[in-house]
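Written out below as structure tokens is the structure these notes cover.
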Amino acid sequence: MTPLTASPASADSMHGCSYPRVCLYDGSYSGGSPFGWFQDTYYQSIPAGGQNRSDAVVNTRNDDSVWLLDTGASPDAYICIPRNTAVNLGNYAHPNGGTWANDVDTIKIWGDPDTGTCSGTLQVRQGRVPDGWRP
């Protein structure tokens with residue numbers, strides 16, 4: 135059996151997070167030790183022990199953006215991380231005050247036909263999830 139390989143452009147890892155994962159970190163992502171990772175494209179609750187723990191996130195996916203959600207906010211709040219991006223969540227203000235550090239309990243990776251952007255840009259964006267919108 136011949137192993138499948140990917141071209142370097144589609145298999146880049148960063149900060150200890152392997153492609154095609156989205157990794158969550160205690161402290162800054164520059165430490166290179168994620169405590170959890172995701173790669174499925176549906177809404178996933180972060181398991182107990184990881185909820186409201188994330189200080190940073192790395193998205194190694196080349197064409198998918200990811201929403202980190204705070205479902206304790208009303209309505210639910212999200213921060214969108216574009217493709218191939220590492221973010222320290224403490225650098226972003228949460229809509230309820232404070233920062234996004236330690237305020238993430240759910241993740242959604244947007245699969246095809248996503249372009250990996252957040253509202254059409256490669257910049258981090260945030261907002262509120264309209265009531266009744268999330269499955």
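Residue numbering for the sequence shown follows the numbering used here, beginning at 135 and increasing consecutively.
Each residue gets a CB set at the ideal place from its N, CA and C atoms; glycine is no exception.
Rounded straight-line distance, which links the Cα of Pro-209 to that of Leu-256:
25 Å
Output needed for Cys-157: all residues of its chain with C-beta closer than 6 Å, excluding positions within five of it in sequence on either side, in chain order.
Cys-151, Pro-168, Trp-171, Val-192
Helix, strand or coil, according to DSSP, for Ser-253 in the structure here?
coil
Trp-171: first and last residue of the uninterrupted beta strand (DSSP E) it sits in
168-172
Of all the options Ala-207, Gly-231, Trp-244, which has the alpha carbon lying nearest to the alpha carbon of Thr-194?
Trp-244
Under the three-state reduction of DSSP, which class applies to Val-221: helix, strand or coil?
strand
Straight-line CA distance for Val-200 to Ile-215?
5 Å
Less than 7 Å between C-beta atoms, sequence neighbours within five positions excluded: which residues of the same chain meet that for Met-148?
Val-192, Thr-194, Ala-220
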